[in-house]
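Here's the structure we're looking at; comments come further down.
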Amino acid sequence: MKVTVVHPPTLLNVRNLGTMKPSLPLGLAYVAAAAREAGHLVRVVDAIALAPHETARDRDLLRIGAGPAEIAAAVPEDTEVLAIGCTFSFLWPLVRELVVALRARFPRAFIVAGGEHLSALPERSLREAPLDLVAIGEGEETFVCVLAALERGARRCDDIAGVAFLRDGAYHATPRRARLRDIDRIAPPAWDLFDVASYNAHDFSLGMRLGFSLPILATRGCPYSCTFCTSPDMWTTRWQARSPRLVVDEMASYVDRYGARSFPFHDLTAVVKRRFIVELCQEILARKLDVTWQLPAGTRCEAFDAEVAELMVRAGCRYLAFAPESGSPEVRERLKKRFTEDTLYEAVRVAVPAGMHVSCYFIVGLPFDTRAGLGQTLAMVRRLAQLGVEDISAHYFHPAPGSELYRELDARGKLRHDDEELMSALHMTGLTPPKDGQGSYCDALTPLELAFWRYLIFATFYATRFAARPTAALHLVTNVLAERETNKLEAFARELKLKLSWRRRGAAARAAAARVSP
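Going by the numbering used here, the sequence shown wraps up at 661, each residue one higher than the last.
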């Protein structure tokens with residue numbers, strides 16, 4: 144089959160109080176590799192690489208990358224199958240518009256979509272966009288089975304596990320596909336089909352900017368069931384680790400092929416089993432591979448000890464994040480966060496002296512947050528700053544489709560199921576408080592109170608950090624001026640400059656378009 148994999152543009156909140164840049168689509172690169180390994184002709188149309196300088200207003204957000212019409216025009220005319228990914232729900236309205244544009248240009252093509260949003264809301268997605276099929280959960284094997292059926296001339300996929308579709312207006316979903324057992328046999332990402340140089344030239348990557356980077360995945364899934372997270376729905380709770388040798392083989396191949404020096408791990412939680420992370424570090428050290436790597440998506444703290452921290456730093460790990468989410472034991476219990484404060488503090492005590500840059504993630508405005516609980520979070524961030532944690536993130540809660548909390552709020556009639564609700568996830572990272580009834584889900588506190596606590600948490604953490612380490616402020620200014628990134632605050636300052644330039648560029652483009660319009 145002649146397949147075109149489409150990576151949609153992304154949306155940014157220019158007032159985001161944190162970092163969120165476009166990054167190479169690891170999931171689509173795996174899907175493209177699987178289809179190619181099965182013998183199909185695979186092409187890629189990547190909206191970000193197609194127009195990395197293009198910015199446009201999308202409602203009150205900023206779109207980065209080519210628009211739907213431009214993307215559809217770039218798809219090869221002989222395409223028979225289109226594959227589209229949508230991980231984040233706030234992108235669905237834009238992806239839906241893209242699907243409409245693709246269907247208009249390719250009325251006979253078979254359009255498949257997958258990713259966490261589609262897996263969480265397959266029926267809604269099928270009813271809102273002219274899709275032929277939604278792949279639910281892990282996508283490589285499912286997509287290859289769909290292509291095999293199409294190659295045989297079949298247009299029905301009733302016997303393929305892990306798919307959903309509409310037939311005569313009725314919704315159908317086949318049983319979920321079991322997770323792949325031997326993940327070491329999965330074809331490595333097809334980065335040769337993507338413009339990795341363009342992503343690096345424009346500093347589009349997850350995590351810190353530490354040189355030419357390519358994302359990598361060492362493990363799949365997460366064994367935990369945090370109620371705010373979509374992982375149990377998307378991946379189940381089975382955690383699987385690849386062979387450390389094969390992970391390092393992949394890193395070495397990117398060093399040789401692309402000159403890569405930095406590897407942001409996109410794992411949900413890489414440090415679960417001590418033996419795995421130790422063997423991974425030992426493999427990197429044995430090969431004398433001169434690279435840096437980081438765990439920006441967050442990881443667990445239970446497997447950390449002094450030996451693990453020292454090994455990770457020696458092997459090139461420079462940055463990791465822990466995700467306590469709340470300082471309240473009662474809140475963590477309701478989130479199903481399975482750790483103790485002593486475990487977290489001990490992990491920080493060994494990671495920081497070893498030379499690791501550590502960040503911690505928190506959520507403000509959970510449905511069951513209280514003033515007392517947020518006071519406990521305040522005490523926790525103060526303690527973490529004293530122990531040497533360099534950064535925190537404190538975002539407003541937003542229910543992610545597919546998560547347990549999303550289902551609970553839906554059962555209580557708290558969700559509206561419209562585009563504004565999906566896209567408000569980006570506003571939860573912004574400077575302003577969530578709107579009452581339009582993005583605020585906390586029962587005990589008003590949006591203004593939540594904003595007060597959020598800024599108090601930030602102010603307490605950074606005041607404590609700079610008081611404990613006065614040179615940190617000087618290093619911050621020096622690194623920002625030199626455009627170096629060693630922590631999230633420096634990355635935020637640098638990204639703020641990028642956002643302002645994107646905003647000015649978009650305004651200039653709109654002004655130019657207005658001048659030439661009749």
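In this text, a Cβ means the ideal position worked out from N, Cα and C, and glycines have one as well.
Query - Counterpart residues of residue 129 in DSSP-defined beta bridges - result: Summary: the structure shown does not reach residue 129, with the chain confined to residues 144 through 661, and so no result is reported for it.
**Report entry** Contained alpha helix (DSSP H) runs [length at least 4] in the region 175-242, N- to C-terminal order
**Finding:** Uninterrupted alpha helix (DSSP H) stretches at least 4 residues long and entirely within the region 175-242 occur at 190-193, 211-217, given in chain order.
Query raised in the report: Is it true that the region 379-399 meets the region 285-303, where meeting means three or more beta-carbon pairs spaced less than 8 angstroms apart?
Result: Too few Cβ pairs lie closer than 8 angstroms, so no.
Query raised in the report: Taking the C-alpha atoms as reference points, what is the distance between residue 615 and residue 598?
Result: Straight across, the Cα-Cα distance linking residue 615 with residue 598 is about 20 angstroms.
Query raised in the report: With 16 as the cutoff for other CB atoms within 10 Å, does residue 384 come out buried or exposed?
Result: A buried status is given to residue 384, since no fewer than 16 other beta-carbon atoms sit within 10 Å of its beta-carbon.
Query raised in the report: Under 8 angstroms, do residue 600 and residue 532 count as touching if we go by C-beta distance?
Result: Cβ atoms of residue 600 and residue 532: not closer than 8 angstroms.
Report task. Could you tell me which of 178, 215, 546 sits nearest to residue 333, measuring between CA atoms? Result -> Considering only alpha carbons, the answer is 178.
Query raised in the report: Using the beta-carbon count (16 or more within 10 Å), is residue 234 buried or exposed?
Result: Under a 10 Å Cβ-count criterion, residue 234 is classified as buried, with 16 or more other Cβ atoms of the shown protein chains found around its own Cβ.
Query raised in the report: If residue 364 sits next to residue 411, beta carbons under 8 angstroms apart, how far is it from one beta carbon to the other, in whole angstroms?
Result: Between residue 411 and residue 364 the Cβ distance is about 7 angstroms, and since that is below 8 angstroms, they are a contact.
Requested in this report: Return helix, strand or coil for residue 534, following the three-state DSSP convention.
Outcome: Shown here, residue 534 sits in a strand according to DSSP, grouped into three states.
Report task. Answer with buried or exposed for residue 613, where buried requires no fewer than 16 other C-beta atoms within 10 angstroms of its C-beta. Result -> Using a 10 angstroms sphere on the CB of residue 613, the tally of other CB atoms stays under 16, which defines it as exposed.
Query raised in the report: Using the C-alpha atoms, what's the distance from residue 322 back to residue 257?
Result: Rounded to the nearest whole angstrom, the C-alpha separation of residue 257 and residue 322 is 15 angstroms.
Query raised in the report: So, is residue 196 buried or exposed, given that buried needs 16 or more other C-beta atoms within 10 angstroms?
Result: Residue 196 should be labelled exposed.
Query - Neighbour-count burial assignment, residue 560, 16 or more Cβ in a 10 Å radius - result: By the neighbour-count rule (16 or more Cβ atoms within 10 Å), residue 560 is not buried but exposed.
Query raised in the report: Three or more C-beta pairs closer than 8 angstroms, one from the region 252-266 and one from the region 235-244: is that the case here?
Result: Taking 8 angstroms as the limit for Cβ pairs, the verdict is that the region 235-244 does touch the region 252-266.
Query raised in the report: With DSSP run on the structure shown, which of helix, strand or coil describes residue 580?
Result: Residue confidence for residue 580 is low, a pLDDT of 49 falling below 50, so the modelled location carries little weight; the figure read from the coordinates is stated next. Three-state DSSP puts residue 580 in coil, outside helix and strand.
**Report entry** beta strand (DSSP E) runs wholly inside the region 383-444, at least 3 long, in chain order
**Finding:** Entirely contained in the region 383-444, the beta strand (DSSP E) runs reaching 3 residues are, in chain order, 405-407, 435-442.
Query raised in the report: How would you write the range of the beta strand (DSSP E) that residue 554 sits in, first residue to last?
Result: Counted as a single uninterrupted DSSP element, the stretch harbouring residue 554 is not any beta strand (DSSP E) but the alpha helix (DSSP H) occupying residues 547-554.
Query raised in the report: Given residue 272, which residues of its chain have a CB within under 6 angstroms of its CB, disregarding the five upstream and five downstream residues?
Result: Result list for residue 272: 239, 242, in chain order.
Query raised in the report: Using CA coordinates, which residue listed in 275, 432, 545 is at the minimum distance from residue 312?
Result: Among 275, 432, 545, the Cα nearest to that of residue 312 belongs to 275.
Requested in this report: Give a yes or no on contact between the region 541-550 and the region 455-470, applying the rule of three or more CB pairs nearer than 8 angstroms.
Outcome: Taking 8 angstroms as the limit for Cβ pairs, the verdict is that the region 455-470 does not touch the region 541-550.
Report task. Evaluate the contact criterion for the region 562-570 versus the region 485-501: three or more CB pairs, one atom per stretch, below 8 angstroms. Result -> Contact between the region 562-570 and the region 485-501 is absent: fewer than three C-beta pairs spanning the two stretches fall below 8 angstroms.
Requested in this report: Drop a sphere of 10 angstroms on the beta-carbon of residue 556, count the other beta-carbons inside from all chains shown, and report buried for 16 or more, exposed for fewer.
Outcome: Exposed is the call here.
Query - Residue environment, residue 617, which counts as buried when at least 16 other CB atoms sit within 10 Å - result: If you draw a 10 Å sphere on the C-beta of residue 617, you find fewer than 16 other C-beta atoms in it, and that means exposed.
Query raised in the report: Can you give the Cα-Cα distance for residue 499 and residue 270, rounded to whole angstroms?
Result: Their Cα atoms are separated by approximately 47 angstroms.
Query raised in the report: Is DSSP giving residue 363 helix, strand or coil here?
Result: Shown here, residue 363 sits in a strand according to DSSP, grouped into three states.
Query raised in the report: According to the Cβ coordinates, are residue 585 and residue 496 closer than 8 angstroms?
Result: By the CB criterion at 8 angstroms, residue 585 and residue 496 fall outside the cutoff.
Query - Contacts around residue 494, its chain only, beta-carbon distance under 6 angstroms, and the 5 residues preceding and following it disregarded - result: Sequence-distant partners of residue 494 (beyond 5 residues in either direction) whose C-beta falls short of 6 angstroms from its own C-beta, in its chain, are 452, 501.
**Report entry** Integer Cβ distance of residue 347 from residue 166, believed to fall under 8 angstroms
**Finding:** Taking 8 angstroms as the upper bound for CB-CB distance, residue 347 and residue 166 are in contact here, some 6 angstroms apart.
Query - Anticipated Cβ contact below 8 angstroms, residue 442 with residue 403, distance rounded - result: In this structure residue 442 does not touch residue 403 by the C-beta definition: roughly 22 angstroms separates them, more than the 8 angstroms allowed.
Query raised in the report: Given residue 580, which residues of its chain have a CB within under 6 angstroms of its CB, disregarding the five upstream and five downstream residues?
Result: At residue 580 the pLDDT is 49, less than 50, meaning the model places this residue with poor confidence and gives no usable figure here.
**Report entry** Range covered by the beta strand (DSSP E) that runs through residue 254
**Finding:** Going by DSSP, residue 254 is part of the beta strand (DSSP E) stretching over 253-257.
Requested in this report: May I ask you to report which of helix, strand or coil DSSP gives residue 286?
Outcome: Helix, per DSSP.
Query raised in the report: Where does the unbroken beta strand (DSSP E) through residue 454 begin, and where does it stop?
Result: Careful: residue 454 lies outside any beta strand (DSSP E), inside the alpha helix (DSSP H) at 449-457.
Report task. Give the straight-line distance between the Cα atoms of residue 446 and residue 374, rounded to the nearest whole angstrom. Result -> Near 20 angstroms, if we compare the C-alpha coordinates of residue 374 and residue 446.
Query raised in the report: In chain order, what residues of the same chain have a beta carbon less than 8 angstroms from the beta carbon of residue 306, not counting five sequence neighbours either side?
Result: Apart from sequence neighbours up to five positions away, the residues of its chain that approach residue 306 with a beta-carbon distance below 8 angstroms are 276, 277, 278, 279, 285, 289, 300, 316, 317, ordered along the chain.
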